[in-house]
Every structure is written in C-alpha cells, then in structure tokens.
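To start, the structure itself, in structure tokens.
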C-alpha cells in the first residue's frame, strides 16, 4: 500500500478532541509548536487551568444536584399515573413547550408543577376516587391543550 | 362532561395546585438555575460531563452539559475568564460536541450553543449565545489541524488576540520559529 494512503487512512481514523480542534481557533502556531516540541504552559496558564478545573468540578456537582431534583419530574402524575403515555400526555407536553415555556409566568407554572406533582402522586395513588377525579380533570385539560396546540400549529 | 363543569374542575385544580405549591416552595429546593438562558430555563438536564465520539467523523468530545427542551438538545460549555466574552475556539468546541452528540444519540442538537462564562472562577456564570459551525466547516478544520501539525500547507497563523501571547508558554519558541507576529511587538 502507498505510504501516503496509509497516512491519510490513519488520519481519517484518528480521533481528534473538541479541545484540540478549539486550539486551532485560538492560535495555529501553538498547535504546531505543541505538536513539534510538546505542550508548554506558562505559570499563568497553569493557574488558569487549575481555576478552570475547580470551576468544572463545582459545575458538575451542581449538575448532579440539578439532576437529582429533576428526577422528581419522572414521577409526573399526569404522564405516569393518570393517563400513562398516550396522545393526551403528548398534547400536554406540546402545550408546555408551545405556550408555557415562552413566558416567565408559564415557566413559573412548569417549575411549580414539577415541584408539586410528586407530592400529589403520593397523595392520590392509593385513593381510587381521588385518582378518578384527577384522571378526569387531566383528561379534560389535555383536550383543551390539544385544541390549543392544533390552533398554534395551524392544523 | 360539559364545558362549564370542565372549567370548574380546571379552576379547582389550579387552586389546589397553587396552595400545594406555596406550601412546598417554603421547604423545597429549587432545581432551576437563574443564570440559564431563557430558551432552556426549565428544560431537562439530559447529559453532564459525558464523553461522546464519532468514528465516522474522527471526533471526540466531553460535553459540560446538554439540556433537552422542545425536542432539541441545547449545549452549554463552562469557561472561566477574566472578562465576559466568547471566542471562535468556544464555537469550535461546541460545534464538535454537537456533531458527536448527534451522531451517538440520533437526537437533534440546536445549531446555537451557550458559553457560560464565570468571571474569575466565582459566582453565577453568564451565558453567551454562539452560532455553531456547520459539519463541513469542522471537518475542514480537522484537516487543517493535521496540516498545521505537520507543517504542510500555508504557514500557521498567529492568534487573533496578540494580548494572549503575553501569557503563552510557547512564546519564546514561537518568536524563534516564526518571528514577531504582524501587528505588534511581543514584550
């Protein structure tokens, strides 16, 4: 095999990282020199890197906390308890994205809903009458949401 | 159910909802981060500190965060800086993340990303919206990177921000190899 082709094939397969490619947008000369002589970082750059690493660790810890609290969304009584996964729950989600998420008040309602729904779930899931009332209410709300979504999408 | 009964049921549900919310708000922790851009506030955090790769493109990336909202994934990359600004290098990094995330998950990723700049490494970040590069532009950059490494093609360009040279660890090698960058003398 032609050595040039082998080299091209190797480059095609080599995984290039996002940060390596980003370096190209920062300074091509640094990319060349790092490759030729090995990376050299000044004291200021090392300090900045350390600061960045610490900030990323905190950012990740925050992410874990955000994910933990967001998990309560999984126990959404509308989707999983009252109706299950169906066209009505999809209509409610579409209503959330098309109407509520577009305003401050709407986003407040979404946030409030996600906080309240786990508690409502726990309160209702062992009470058949309460569950039937919730199911009927949610079904009616889904019907309204479906009409509004259809109107917004021009269907 | 008649329309009036539906209306009454909805109003009752709203009242119960409001009352419960006020009660829980006083002891519940907030999952919302107020610094998030309006477009993804309240969206689901889909991925965090996760590595994705695409063998087809020859690219790999570890993304800081990706949020799922409106059927699209939105990328957020944290940067610590002494000033609030986003650079071309940020857009490149996010664009690579977009390609590998789309490739591995099959989900659509927004062509707009956010650089969350944290000044001095403290306090709440401030998001800066950046337009991402197209896939063919990134693949061309990937090719250019191999050229630059091997010294083929046109000579490597200096940084667009000469001030960055002052703190660069390669400054002396750079001066020896390429001389002074155009537009100013390095002190």
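Chains as they are written, first to last, in our numbering: chain A, 76 to 230; chain B, 93 to 279. Think of the CB as a built atom: it goes at the ideal place given N, C-alpha and C, for glycine as much as any other residue.
According to DSSP, which residues form a beta bridge with residue i?
i, result
"residue 142(B)", "155(B)"
"residue 35(B)", "Nothing about residue 35(B) can be reported from this structure: the residues present for chain B run from 93 to 279 only."
"residue 173(A)", "The partner list for residue 173(A) (beta bridge, DSSP) is empty, contrary to what the question assumes."
"residue 204(B)", "223(B)"
"residue 136(B)", "160(B)"
If you run the structure through DSSP and keep just helix, strand and coil, what is residue i?
i, result
"residue 178(A)", "coil"
"residue 171(B)", "strand"
"residue 122(B)", "Because residue 122(B) sits at a pLDDT of 49, beneath the cut-off of 50, its placement in the model cannot be relied upon, and the point is left open."
"residue 100(A)", "helix"
"residue 279(B)", "Only weak support is given to the placement of residue 279(B): the predicted model assigns it a pLDDT of 36, under 50, and the value that follows is read from those uncertain coordinates. Here residue 279(B) sits in coil by DSSP."
"residue 211(B)", "strand"
"residue 91(A)", "strand"
"residue 148(A)", "Low confidence applies here, because residue 148(A) scores a pLDDT of 49, under 50, leaving its location unreliable and the question unanswered by this model."
"residue 46(B)", "The shown model of chain B, from 93 to 279, leaves out residue 46(B), and the question about it has no answer."
"residue 236(B)", "helix"
"residue 218(B)", "strand"
"residue 108(A)", "helix"
"residue 263(B)", "helix"
"residue 250(B)", "coil"
"residue 245(B)", "coil"
"residue 127(B)", "coil"
"residue 114(A)", "coil"
"residue 201(A)", "coil"
"residue 222(A)", "helix"
"residue 148(B)", "coil"
"residue 195(B)", "helix"
"residue 184(A)", "helix"
"residue 272(B)", "coil"
"residue 161(A)", "coil"
"residue 228(A)", "coil"
Is the distance from the Cβ of residue i to the Cβ of residue j below 8 Å?
i, j, result
"residue 81(B)", "residue 166(B)", "Not covered by the structure: residue 81(B). The range shown for chain B is 93 to 279."
"residue 220(A)", "residue 167(A)", "yes"
"residue 212(B)", "residue 169(B)", "no"
"residue 178(B)", "residue 220(B)", "yes"
"residue 174(A)", "residue 96(A)", "no"
"residue 106(A)", "residue 248(B)", "yes"
"residue 149(B)", "residue 191(B)", "yes"
"residue 93(A)", "residue 188(B)", "yes"
"residue 209(B)", "residue 176(B)", "yes"
Would you call residue i buried or exposed, if buried means 16 or more other Cβ atoms sit within 10 Å of its Cβ?
i, result
"residue 216(A)", "buried"
"residue 134(B)", "buried"
"residue 171(B)", "buried"
"residue 161(A)", "exposed"
"residue 136(A)", "exposed"
"residue 192(A)", "buried"
"residue 126(B)", "exposed"
"residue 89(A)", "exposed"
"residue 226(B)", "exposed"
"residue 195(A)", "buried"
"residue 121(B)", "Because residue 121(B) sits at a pLDDT of 45, beneath the cut-off of 50, its placement in the model cannot be relied upon, and the point is left open."
"residue 271(B)", "exposed"
"residue 130(A)", "buried"
"residue 207(B)", "buried"
"residue 151(B)", "buried"
"residue 222(B)", "buried"
"residue 164(A)", "buried"
"residue 333(B)", "An answer regarding residue 333(B) cannot be provided, because it is not within the stretch 93 to 279 covered by chain B."
"residue 203(A)", "exposed"
"residue 209(A)", "buried"
Residues of chain E with a CB under 9 Å from the CB of residue i: which are they?
i, result
"residue 241(B)", "Absent from the structure: chain E. Protein chains present are A and B."
Taking 7 Å as the cut-off, is the C-beta of residue i nearer than that to any heavy atom in the ligand FAD?
i, result
"residue 141(B)", "Among the ligands in the structure shown, none appear at all, so the ligand FAD cannot be discussed."
Exercise. Answer yes if the stretch 251–262 of chain B comes into contact with the stretch 212–222 of chain B, meaning at least three C-beta pairs across the two stretches below 8 Å, and no otherwise.
Key: Not touching, per the Cβ criterion.
Exercise. Examine the Cβ distances between the stretch 138–158 of chain B and the stretch 183–198 of chain B and report whether three or more of them are shorter than 8 Å.
Key: Touching, yes, given that three or more Cβ pairs across the two stretches are closer than 8 Å.
Quiz item: Does the stretch 97–115 of chain A come close enough to the stretch 232–245 of chain B to have 3 or more Cβ pairs within less than 8 Å?
Solution: Segment contact: the stretch 97–115 of chain A against the stretch 232–245 of chain B, three or more CB-CB distances shorter than 8 Å; contact assigned.
Quiz item: Counting pairs of beta carbons, one from the stretch 90–103 of chain A and one from the stretch 169–188 of chain B, are three or more of them closer than 8 Å?
Solution: Touching, yes.
Exercise. Spell out a yes or no on whether the stretch 154–169 of chain B and the stretch 131–140 of chain B are touching, meaning 3 or more CB-CB pairs, one atom from each, closer than 8 Å.
Key: Remark: three or more beta-carbon pairs, one from each stretch, lie closer than 8 Å, so the stretch 154–169 of chain B and the stretch 131–140 of chain B are flagged as touching.
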